[in-house]
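Residue numbers (the working numbering), protein chains in the order written: chain A, 15 to 317; chain B, 15 to 317; chain C, 15 to 317; chain D, 15 to 317.
There are 4 protein chains.
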Amino acid sequence: MDATTFDALFERVSNWGRWGANDQRGTLNLLDDGRRLEATAAARSGQVVSLAHDLDTVSGPDNGRPALHYMTQQADVGGGEPRVNTDFVGFDFHGKSVTHLDALCHCSFRGRLYNGVGSADSVDSRGGHFGTVDQLRDGVVARGVLIDLPRAAGVGWLEPGTAAGPDDLVAALAAQGTERRPGDVVLVRTGHRRRRAELGAWDPSNLSAGLAPEAMAWLHATDTVVLGSDGDSDARPSGVDGVESPIHALALTAMGMPLIDNLNLEDAAVACSAAGRWDFLFVLAPLRIPGGTGSPVNPLAIL
Amino acid sequence: MDATTFDALFERVSNWGRWGANDQRGTLNLLDDGRRLEATAAARSGQVVSLAHDLDTVSGPDNGRPALHYMTQQADVGGGEPRVNTDFVGFDFHGKSVTHLDALCHCSFRGRLYNGVGSADSVDSRGGHFGTVDQLRDGVVARGVLIDLPRAAGVGWLEPGTAAGPDDLVAALAAQGTERRPGDVVLVRTGHRRRRAELGAWDPSNLSAGLAPEAMAWLHATDTVVLGSDGDSDARPSGVDGVESPIHALALTAMGMPLIDNLNLEDAAVACSAAGRWDFLFVLAPLRIPGGTGSPVNPLAIL
Amino acid sequence: MDATTFDALFERVSNWGRWGANDQRGTLNLLDDGRRLEATAAARSGQVVSLAHDLDTVSGPDNGRPALHYMTQQADVGGGEPRVNTDFVGFDFHGKSVTHLDALCHCSFRGRLYNGVGSADSVDSRGGHFGTVDQLRDGVVARGVLIDLPRAAGVGWLEPGTAAGPDDLVAALAAQGTERRPGDVVLVRTGHRRRRAELGAWDPSNLSAGLAPEAMAWLHATDTVVLGSDGDSDARPSGVDGVESPIHALALTAMGMPLIDNLNLEDAAVACSAAGRWDFLFVLAPLRIPGGTGSPVNPLAIL
Amino acid sequence: MDATTFDALFERVSNWGRWGANDQRGTLNLLDDGRRLEATAAARSGQVVSLAHDLDTVSGPDNGRPALHYMTQQADVGGGEPRVNTDFVGFDFHGKSVTHLDALCHCSFRGRLYNGVGSADSVDSRGGHFGTVDQLRDGVVARGVLIDLPRAAGVGWLEPGTAAGPDDLVAALAAQGTERRPGDVVLVRTGHRRRRAELGAWDPSNLSAGLAPEAMAWLHATDTVVLGSDGDSDARPSGVDGVESPIHALALTAMGMPLIDNLNLEDAAVACSAAGRWDFLFVLAPLRIPGGTGSPVNPLAIL
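Quick look at the structure:
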């Protein structure tokens with residue numbers, strides 16, 4: 015895709031100004047109490063599946079800044095009763111390992127964040143002041159829809175480098191018999207982590223399965239609230255001249271739609287297949303990090 | 015309360031062996047798909063309220079180990095497009111500031127964890143091997159009940175040092191018109207944070223409002239799944255000879271019931287009062303920290 | 015001191031251009047192999063005294079961002095022999111607690127660093143590119159001179175708020191019988207830590223003993239290489255209109271002279287007094303932190 | 015080497031009891047003011063060479079727990095003048111990357127530390143209480159001797175797996191014309207980092223050049239104070255039945271001799287060769303980490 019075509023797509027999916035010149039919530043505006051209440055009806059069995067991976071403290075090709083986990087005290091010290099075991103955790107969470115949310119201020123495209131705000135004006139050395147994770151303090155409670163691309167394609171996983179377009183998404187939904195609705199959280203399974211489990215880790219920075227840019231037009235037209243994937247939603251190489259992560263630019267910057275990266279969709283895929291339905295009550299509760307660009311998270315699918 | 019009386023209470027509320035000699039999930043066993051599905055019916059408006067505080071990076075009397083939040087990269091570096099703003103967060107989260115979950119392995123009473131397992135045998139310098147936060151990987155989805163003690167007492171807050179007994183809890187529920195059910199998550203508001211907001215921070219290690227030990231017998235008898243509070247549930251001074259944190263010992267060690275400390279119940283109190291009901295769908299999703307003793311969290315009340 | 019007078023003093027002590035337009039080593043240029051070799055002769059007994067404090071992991075009025083120290087492994091884990099005990103340390107080291115070096119890029123005055131370089135052009139979110147601690151990779155080996163102001167004044171300490179001028183420094187040197195030489199590291203004792211030990215910690219951000227701005231002219235004229243103090247060298251309130259830390263601005267920005275803050279000069283004061291001389295071989299070896307603005311340090315006085 | 019032979023060697027080089035049953039300083043006892051003063055005479059030109067590497071924040075085969083370096087503030091925030099650039103550094107410093115000191119409590123052999131003290135009794139979850147880095151608070155000031163093994167062997171580096179015995183050390187010293195004296199710090203260059211620079215990083219945990227166990231008898235007989243290397247002094251595979259790191263066990267546990275791992279000896283090798291002498295004033299100043307098992311360091315060779 016050449017730069018001109020990408021720019022036109024950026025304009026087409028842009029939500030700049032849609033909810034006001036000062037809006038910093040983006041597609042979260044698509045949710046209201048009514049839609050949240052409706053979403054609770056998507057829970058029909060009460061089964062819960064975590065959509066996160068265990069935090070990984072071991073470095074590797076896709077985990078260059080491993081999470082920190084240290085005991086800070088054990089019950090071997092302290093005089094009284096009871097005694098405590100305590101620990102420290104630390105995360106440089108963006109990257110290819112930690113299951114995390116990207117807030118809107120995470121992604122600057124040509125110096126701009128969502129709604130046209132300047133990145134340098136909105137994020138300083140102490141944190142962000144616009145489009146931060148604070149906007150998600152009350153979490154995301156919505157109907158979640160899993161789109162299982164490898165299942166539809168009858169493969170174990172999409173090979174790294176594959177970019178799924180809108181037709182692929184629509185076809186997979188049809189194969190599943192899953193309806194899309196405005197206000198959905200859409201979770202796209204590429205099989206990234208199944209491949210990793212079977213073949214070992216690799217560096218997905220330059221080679222990953224994800225979405226084709228055109229897919230964002232469909233997500234925009236269908237009023238998607240949040241997009242998540244078992245990779246980071248971007249296919250690489252991106253196929254777009256001069257844009258390394260077009261999905262990030264289109265989602266976070268143009269649409270104002272948060273992303274969830276590095277989801278664990280393996281357990282959910284099994285559960286959805288067993289249940290014969292791929293929609294559920296989705297709950298995400300980012301940590302309340304003032305000025306944060308995102309958060310490590312453990313999203314839940316309540317079937 | 016003398017030691018003998020406390021020991022008898024410990025025995026009375028103990029769940030050791032109740033779900034098998036090897037059980038490490040404790041009161042989470044009270045939840046099943048059916049109860050979770052029922053709990054979704056407690057959401058009746060779709061309003062969501064965060065039950066966490068903003069993470070606090072500034073040290074103070076109740077925050078001796080402040081949370082770390084550092085920018086790790088801004089859009090001022092990097093060659094391609096888009097560019098990113100990223101950050102690091104770190105938490106020594108137990109204590110009196112961070113809203114956090116205590117997993118069962120957090121609390122050792124006389125060398126024992128829940129189910130009689132030795133603390134030194136179950137927690138080493140790399141983390142825990144029993145009763146860790148891993149047991150809560152699929153979160154807690156349950157009916158939540160807020161017990162607003164200051165509201166029932168007609169005061170702004172319970173003075174630090176106050177210990178609420180079972181009669182206080184029952185009376186407050188009656189005043190609210192709230193029914194208790196097996197499988198509930200019980201959240202006890204003492205007004206701790208309202209006092210802090212109005213009078214300033216203090217060190218609650220030695221002076222705090224919370225529950226009287228006898229209240230645990232009621233929580234046990236009513237099959238409570240998780241207990242949370244705007245303090246850490248313990249009143250101090252504890253009033254129990256030789257036991258500084260009797261609620262922690264009774265909940266975590268005897269009952270195998272996780273605790274949530276330092277909740278933000280101010281917004282929920284307002285919302286519940288406005289709605290005229292104090293029950294809701296409660297969702298908690300701890301981070302998946304292998305071997306962790308707990309997790310910073312942002313629990314949600316979905317009214 | 016009004017702004018005009020301060021600006022004139024800034025010009026008077028400025029070393030901008032003195033060692034070339036591209037220089038980023040500042041007063042370190044005053045040291046060469048010859049002066050270092052001469053400095054070794056200042057060691058006359060072989061007694062060594064640490065000039066650092068123990069790192070403090072407990073927060074307090076002068077330690078709002080306490081150092082982190084966690085065990086990462088103990089000999090309770092691991093299969094083979096030998097087994098190891100290991101730990102993690104972390105420092106947000108600038109501030110009033112950690113004994114640390116300020117590299118030149120630490121201090122921006124009206125947007126400029128030493129030699130007129132723009133701060134925003136030289137320090138980005140990944141670290142500094144000019145005047146960083148890398149310039150001190152080979153340490154500072156020099157003759158050190160302790161100026162013990164409370165000793166000369168016959169007091170336990172200078173009261174916070176006191177600003178010592180050039181006459182005070184010269185008089186204290188004369189009382190000690192200590193000669194000043196070009197290329198010296200000058201360490202100024204105010205008794206800050208003795209006061210802290212006796213009266214308890216306070217927040218020195220707004221109330222501290224240190225140097226008067228005029229003292230910098232003397233340090234400049236005498237070709238001082240590094241200035242250190244048991245406070246952070248600045249007296250506060252500063253007495254300079256619109257400048258909160260004039261010594262930092264004059265030393266780091268104008269002169270290009272590194273500072274060492276929060277030194278432990280109590281042990282050295284005792285040792286020097288016992289030896290009857292206040293000069294010694296001084297060795298400082300900052301950690302090699304690429305792009306760092308300074309380093310926690312443990313400077314040594316070798317008498 | 016079989017276990018019996020190793021045990022006999024352990025006994026032969028043991029300093030347990032040599033400086034008293036309660037001693038925790040080990041070979042540091044070999045230094046006194048007189049020897050330190052003599053050591054200053056080893057500085058004959060005033061040239062200083064850092065013996066540390068730059069801290070490495072990028073993970074790799076020999077850097078699984080990369081150092082943390084984050085800006086905590088830049089001059090873009092703050093209202094007054096001057097403004098500051100500040101940063102955070104963190105180290106899980108043991109391992110194969112950071113230049114660091116091993117204090118005696120780092121190494122437990124069959125449950126015992128130096129002088130026969132139990133590791134579990136001396137190190138708890140808060141830190142060590144015996145043989146910690148506190149014992150080195152006044153640093154190590156000594157005559158340093160570089161033994162350049164690749165130079166003597168006429169090779170670029172010793173191949174990983176090579177174990178240098180006492181004859182190799184003595185021969186290299188003779189080739190250099192360097193005399194050994196009691197109280198020396200001995201630095202052994204294997205060329206580890208030159209190999210790394212030319213061939214790329216590898217995991218030295220299982221394949222490294224170092225010393226043969228017998229070399230420790232010579233270091234013991236010659237009253238060596240500290241041993242350092244560009245690896246971690248251990249050759250691997252170790253060649254000793256059931257002992258993975260025999261040099262660590264013999265040095266730290268038996269002899270009570272601190273180790274310095276991951277030294278940068280490349281610059282020093284060039285400087286010593288140019289100077290035609292391989293001895294110098296050596297200064298090491300570990301950070302004052304209470305209860306620490308070691309410290310990241312930047313040792314200096316003052317030629």
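Glycine is no exception: its CB is placed at the ideal position from the N, C-alpha and C atoms. All figures in this text were calculated on a predicted structure; none of them were measured in a lab.
* With a Cβ-Cβ cutoff of 9 Å, do Leu115 (chain B) and Leu160 (chain B) count as a contact? -> The residue labelled residue 115 (chain B) in the question sits at position 101 within the second sequence. The residue labelled residue 160 (chain B) in the question sits at position 146 within the second sequence. No. Outside cutoff.
* Buried or exposed: which applies to Glu95 (chain C), given that a residue is buried once 16 or more other Cβ atoms fall within 10 Å of its Cβ? -> The residue labelled residue 95 (chain C) in the question sits at position 81 within the third sequence. Counting Cβ neighbours within 10 Å, Glu95 (chain C) comes out buried, since at least 16 surround it.
* Closer than 6 Å by C-beta to Ser122 (chain B): which residues in its own chain qualify, once you throw out the five before and the five after it? Chain order, please. => If you number the second sequence from 1, residue 122 (chain B) lands on position 108. Counting only Cβ-Cβ distances below 6 Å, and skipping sequence neighbours, we find Ser133.
* Asked: Between which two residues does the alpha helix (DSSP H) harbouring Pro180 (chain B) extend?
  -> For the purposes of this step, residue 180 (chain B) is identified with residue 166 of the second sequence, where counting begins at 1. Unbroken alpha helix (DSSP H) run through Pro180 (chain B): Pro180 to Gln190.
* Quick one: residues in its chain with C-beta nearer than 6 Å to the C-beta of His67 (chain B), no 5 flanking neighbours on either side, listed in chain order? => Residue mapping note: residue 67 (chain B) aligns to position 53 of the second sequence, counting from 1. Counting only Cβ-Cβ distances below 6 Å, and skipping sequence neighbours, we find Thr113 and Asn278.
* Would you list, in chain order, the members of the stretch 91-111 of chain C that have their beta-carbon closer than 9 Å to a beta-carbon of chain D? => Residues of the stretch 91-111 of chain C with a C-beta less than 9 Å from any C-beta of chain D: Gly94, Glu95, Pro96, Arg97, Val98, Asn99, Thr100, Asp101, Phe102, Val103, Gly104, Phe105, Asp106, Phe107, His108 and Gly109, listed in chain order.
* Asked: Does Gly78 (chain D) come within less than 9 Å of chain A when only Cβ atoms are used?
  -> Reading the fourth sequence from its first residue, position 64 is the one you call residue 78 (chain D). At least one chain A Cβ lies under 9 Å of Gly78 (chain D).
* Beta-carbon spacing of Arg203 (chain B), Leu163 (chain B) below 9 Å -> Translated into positions along the second sequence, residue 203 (chain B) becomes position 189. Translated into positions along the second sequence, residue 163 (chain B) becomes position 149. In this structure, Arg203 (chain B) places its C-beta atom within 9 Å of the C-beta atom of Leu163 (chain B).
* In chain order, what residues of the stretch 235-263 of chain B put their CB closer than 7 Å to some CB of chain A? -> Gly256, Val257, Glu258, Ser259, His262 and Ala263
* **Straight-line gap, Thr18 (chain D) to Val257 (chain D) (C-alpha atoms, nearest Å)** => Residue 18 (chain D) sits at position 4 when you count from the first residue of the fourth sequence. Residue 257 (chain D) sits at position 243 when you count from the first residue of the fourth sequence. Thr18 (chain D) and Val257 (chain D): Cα-Cα distance of roughly 12 Å.
* State yes or no: is the C-beta of Pro227 (chain A) within less than 9 Å of the C-beta of Ile261 (chain A)? => Your numbering for residue 227 (chain A) matches position 213 in the first sequence. Your numbering for residue 261 (chain A) matches position 247 in the first sequence. Yes, Cβ-Cβ distance for Pro227 (chain A) and Ile261 (chain A) is below 9 Å.
* Please name the residue or residues paired with Arg126 (chain B) in a DSSP beta bridge. => Translated into positions along the second sequence, residue 126 (chain B) becomes position 112. According to DSSP, which records beta bridges pairwise, Arg126 (chain B) is partnered with B:Phe123 and B:Gly132.
* Asked: Between which two residues does the alpha helix (DSSP H) containing Ser287 (chain A) stretch?
  -> Position 273 of the first sequence, counted from the first residue, corresponds to residue 287 (chain A). Segment Glu280 to Ala289, the alpha helix (DSSP H) holding Ser287 (chain A).
* Pick out whichever of D:Pro304, D:Thr307, D:Phe294 and D:Tyr128 has its Cα sitting closest to the Cα of Pro313 (chain D). => If you number the fourth sequence from 1, residue 313 (chain D) lands on position 299. Ranking the options by Cα distance to Pro313 (chain D), first place goes to D:Phe294.
* Asked: Taking the continuous beta strand (DSSP E) assigned at Phe107 (chain C), which residues delimit it?
  -> For the purposes of this step, residue 107 (chain C) is taken as the residue at position 93 of the third sequence. Taken as a continuous stretch (DSSP letters only), Phe107 (chain C) belongs to no beta strand (DSSP E), as it is neither H nor E.
* **Minimum Cβ-Cβ distance from Gly153 (chain D) to chain C less than 9 Å** => Start at 1 with the first residue of the fourth sequence, and residue 153 (chain D) comes out as number 139. With 9 Å as the cut-off, Gly153 (chain D) counts as an interface residue toward chain C.
* Count the other C-beta atoms from every protein chain shown that fall within 10 angstroms of the C-beta of Leu264 (chain D), then say buried if there are 16 or more, exposed otherwise. => Translated into the one-based positions of the fourth sequence, residue 264 (chain D) becomes position 250. The residue in question, Leu264 (chain D), is buried, as its Cβ has 16 or more Cβ neighbours within 10 Å.
* Leaving aside the five residues before and after Gly74 (chain A) along the sequence, list all residues of the same chain whose C-beta is less than 7 Å from its C-beta, in chain order. => Taking the first residue of the first sequence as position 1, residue 74 (chain A) is located at position 60. Excluding sequence neighbours, Gly74 (chain A) sits near Ala215.
* Secondary structure of Ile261 (chain C), DSSP reduced to three states -> Mapped onto the third sequence, residue 261 (chain C) falls at position 247. Of the three classes helix, strand and coil, the one that applies to Ile261 (chain C) here is helix, per DSSP.
* Within this structure, are the beta carbons of Gly141 (chain D) and Leu172 (chain D) separated by less than 9 Å? -> Here residue 141 (chain D) refers to the residue found at position 127 when the fourth sequence is read from its first residue. Here residue 172 (chain D) refers to the residue found at position 158 when the fourth sequence is read from its first residue. For Gly141 (chain D) and Leu172 (chain D), no; Cβs fall outside 9 Å.
* **Nearest neighbour of Leu301 (chain C), chosen from D:Pro304, D:Val311, D:Gly305 and D:Ala299 [CA to CA]** => Sequence index remark: in the third sequence, residue 301 (chain C) carries index 287 (1-based). For the residues D:Pro304, D:Val311, D:Gly305 and D:Ala299, the minimum Cα distance to Leu301 (chain C) belongs to D:Val311.
* **Other residues of its chain near Leu319 (chain A): CB distance less than 7 Å, five sequence neighbours each side excluded** => What is shown of chain A runs 15 to 317, which leaves residue 319 (chain A) out entirely.
* Kindly indicate if chain A contains any beta-carbon less than 9 Å away from that of Leu127 (chain D). => Reading the fourth sequence from its first residue, position 113 is the one you call residue 127 (chain D). Output row for Leu127 (chain D): interface = no.
* Asked: So, Ile303 (chain A) versus Val103 (chain B), is the Cβ gap smaller than 9 Å?
  -> For the purposes of this step, residue 303 (chain A) is taken as residue 289 along the first sequence, with counting starting at 1. For the purposes of this step, residue 103 (chain B) is taken as residue 89 along the second sequence, with counting starting at 1. In contact: Ile303 (chain A) and Val103 (chain B) (Cβ atoms closer than 9 Å).
* Stretch-stretch touch, CB-based, cutoff 8 Å, three pairs: the stretch 278-293 of chain D with the stretch 76-83 of chain D -> No, they do not touch.
* Do you know offhand how far Ser139 (chain B)'s Cα is from Gly92 (chain A)'s? -> As a first step, residue 139 (chain B) is located in the second sequence; it is residue number 125 there, counting from the start. As a first step, residue 92 (chain A) is located in the first sequence; it is residue number 78 there, counting from the start. Going from the Cα of Ser139 (chain B) to the Cα of Gly92 (chain A) covers about 16 Å.
* Simplified DSSP assignment, three categories, for Pro310 (chain C) -> Start at 1 with the first residue of the third sequence, and residue 310 (chain C) comes out as number 296. If DSSP states are grouped into helix, strand and coil, Pro310 (chain C) belongs with the strands.
* Tell me, please, whether the CB atom of Leu279 (chain D) is closer than 9 Å to any CB atom in chain A? => By 1-based counting over the fourth sequence, the position of residue 279 (chain D) is 265. Cβ-Cβ to chain A under 9 Å: no for Leu279 (chain D).
* Kindly say whether Ser139 (chain A), judged by its beta-carbon, lies nearer than 9 Å to any beta-carbon of chain C. => Residue numbering aside, residue 139 (chain A) sits at position 125 when the first sequence is read from its first letter. By this cut-off, Ser139 (chain A) is an interface position.
* **Simplified DSSP state of Leu241 (chain D), which is helix, strand or coil** => On the fourth sequence, position 227 is the one that residue 241 (chain D) refers to. If DSSP states are grouped into helix, strand and coil, Leu241 (chain D) belongs with the strands.
* **Residues within the stretch 21-48 of chain B neighbouring chain A, beta-carbon criterion of under 7 Å** => Asp47 and Gly48
* Which term fits Asn126 (chain B), buried or exposed, when burial requires 16 or more other beta carbons within 10 angstroms of its beta carbon? -> Sequence index remark: in the second sequence, residue 126 (chain B) carries index 112 (1-based). Per the sequence shown, residue 126 (chain B) should be read as Arg rather than Asn. The residue is buried, with at least 16 neighbouring Cβ atoms inside 10 Å.
* To do: Leaving out five residues on either side along the sequence, give the residues of the same chain with a beta carbon under 7 Å from the beta carbon of Val155 (chain B).
  => Residue numbering aside, residue 155 (chain B) sits at position 141 when the second sequence is read from its first letter. Cβ neighbours of Val155 (chain B) beyond the five flanking positions: Arg50, Ala53 and Val297.
* Do Arg157 (chain B) and Ala56 (chain B) have their CB atoms nearer than 9 Å? -> Counting from one through the second sequence, the residue named residue 157 (chain B) turns up at place 143. Counting from one through the second sequence, the residue named residue 56 (chain B) turns up at place 42. Yes, they are a contact pair.
* Asked: When we look at the beta-carbon of Thr217 (chain A) and count the other beta-carbons within 10 Å, is it buried (16 or more) or exposed?
  -> If you number the first sequence from 1, residue 217 (chain A) lands on position 203. A small correction: the amino acid at residue 217 (chain A) is Asp; Thr does not occupy that position in the sequence shown. Asp217 (chain A) counts as exposed, since fewer than 16 other C-beta atoms from the protein chains shown sit within 10 angstroms of its C-beta.
* To do: Would you verify that the beta carbon of Ser59 (chain B) is, or is not, closer than 9 Å to some beta carbon of chain C?
  => Indexing the second sequence from 1 puts residue 59 (chain B) at position 45. It does not: the Cβ of Ser59 (chain B) has no partner Cβ on chain C nearer than 9 Å.
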